[in-house]
Amino acid sequence: MPEGSPLEAFAEQMRLLRRECAWKREQTHTSLIPFVREEAEEVVEAIESGDPAALCDELGDLLLQVVIHAVIAEEAGDFTLDDVARGVIAKMERRNPHVFGDAVAHDAAEVLTLWNAAKAAEKAEATGDRSARG
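Every number in the working numbering is 3 more than the matching position in the sequence shown, counting from 1.
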């Protein structure tokens with residue numbers, strides 16, 4: 004097994020599987036859509052069951068989907084698993100200014116308001132909508 008964190012080892016394992024396993028090598032983002040949907044639904048079912056072991060197992064299956072998509076993107080030169088992680092870290096910092104910035108939130112409702120405002124600003128930035136930026 005490769006050295007490093009378990010996530011790094013898993014990503015390296017997926018790279019090996021993409022090289023050595025004909026089925027995995029043939030997969031594309033599009034061909035994997037049914038599997039992403041299925042695994043996400045199985046996570047929901049595990050949550051609803053209240054079984055921590057089932058949830059752990061199903062989260063692993065969903066993580067497999069995240070990693071294989073990141074490896075496919077890496078092979079295409081689009082982005083890496085590290086890019087995905089960096090992106091979500093930055094997103095959490097933007098959407099939680101009460102933790103990572105100067106904003107104040109006294110309860111969950113205020114946190115949600117901050118989250119939604121940050122999300123709207125991100126969407127406006129992405130679409131170039133100046134009116135939504137405030």
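By construction, the Cβ of each residue, glycine as well, lies at the ideal position given by its N, Cα and C atoms.
In this text, all values refer to a predicted model and were calculated from it rather than measured experimentally.
A residue is called buried once 16 or more other Cβ atoms fall within 10 Å of its Cβ, and H72 is buried on that count. Burial check for E61: the Cβ neighbour count within 10 Å reaches 16 or more, so the residue is buried. In this structure, the CA atom of A127 is about 15 Å from the CA atom of K94.
Within the segment 40-111, the alpha helix (DSSP H) runs of at least 4 residues that lie entirely inside it are, in chain order, 55-79, 84-98 and 100-103.
The segment 17-24 makes no contact with the segment 44-51; the number of CB pairs closer than 8 Å stays below 3. For the pair of segments examined, the segment 81-101 was found not to touch the segment 24-40: the number of CB pairs separated by less than 8 Å stays below three. For F13, the number of other beta carbons within 10 angstroms of its own is at least 16, and it is reported as buried.
The beta carbon of L65 lies closer than 7 Å to those of E42, A43 and V46 in the same chain, with the five residues before and after it left out.
Counted as a single uninterrupted DSSP element, the alpha helix (DSSP H) harbouring Q16 occupies residues P9 to E23. For L35, the secondary structure class from DSSP, reduced to helix, strand or coil, is coil.
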